[in-house]
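Comments concern the structure below.
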Amino acid sequence: MRDADRQEDIYTISQLAEEFSLTLRSIRFYEDKGLITPTRKGNTRVYSRHDRARLILILRGKRLGFSLQEIQELFQLYDSGAQTPSQAHHMLNTIQSRQQQLRQQQADINRLMMELNAAERTCYQHLKKFD
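In terms of this note's numbering, the sequence shown is residues 32 to 162.
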């Protein structure tokens with residue numbers, strides 16, 4: 032691998048913060064929680080392609096409603112390599128629980144959208160009276 036190719040797989044905290052619209056403090060927080068593990072070159076944090084991928088997964092997990100603790104547990108299960116049936120079941124239960132919560136949220140949002148649409152129609156009907 033050429034040095035130029037290797038350099039493309041190395042990111043500074045500022046580069047990641049800019050790419051993902053995060054604060055430096057947020058990235059350091061994820062580091063403090065053990066979710067990402069940059070190396071150091073002197074006083075500078077150096078993030079790998081693996082750290083960047085994990086950051087993507089952290090942000091995706093947060094968007095899906097996973098807590099940082101749940102994300103950390105999923106990372107630990109994934110990192111353990113030799114998953115036992117117990118670990119796989121735990122991961123599956125966590126995922127299925129989140130899916131059920133998201134289905135419920137989706138149903139709640141659909142109901143709310145129907146109510147808002149009805150309220151909007153009512154407003155338009157009232158406005159027609161003034162024309």
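Beta carbons are placed, not taken as given, at the ideal position from N, Cα and C, and that holds for glycine.
For residue i, the first and last residue of its enclosing alpha helix (DSSP H)
i	result
S128	116–160
F97	Looking at the DSSP string, F97 is not in any alpha helix (DSSP H), and its letter there is neither H nor E.
L47	44–51
Collapsed DSSP secondary structure at residue i in the structure displayed
i	result
K64	coil
M32	Residue confidence for M32 is low, a pLDDT of 40 falling below 50, so the modelled location carries little weight; the figure read from the coordinates is stated next. Here M32 sits in coil by DSSP.
Extent of the continuous beta strand (DSSP E) to which residue i belongs
i	result
L79	The identity of residue 79 in the sequence shown is Ser, whereas the question assumes Leu. Note, S79: beta strand (DSSP E), 75–79.
T70	70–72
Rounded straight-line distance, which links the Cα of residue j to that of residue i
i	j	result
M144	I41	45 Å
L86	L95	14 Å
N141	Q127	21 Å
Y78	N124	31 Å
H157	D139	27 Å
Problem set entry | Any 3 or more C-beta pairs closer than 8 Å across the segment 131–148 and the segment 103–119 | no
Exercise. How about the segment 96–107 and the segment 57–71: do they share at least three Cβ pairs that are nearer than 8 Å?
Worked result: yes
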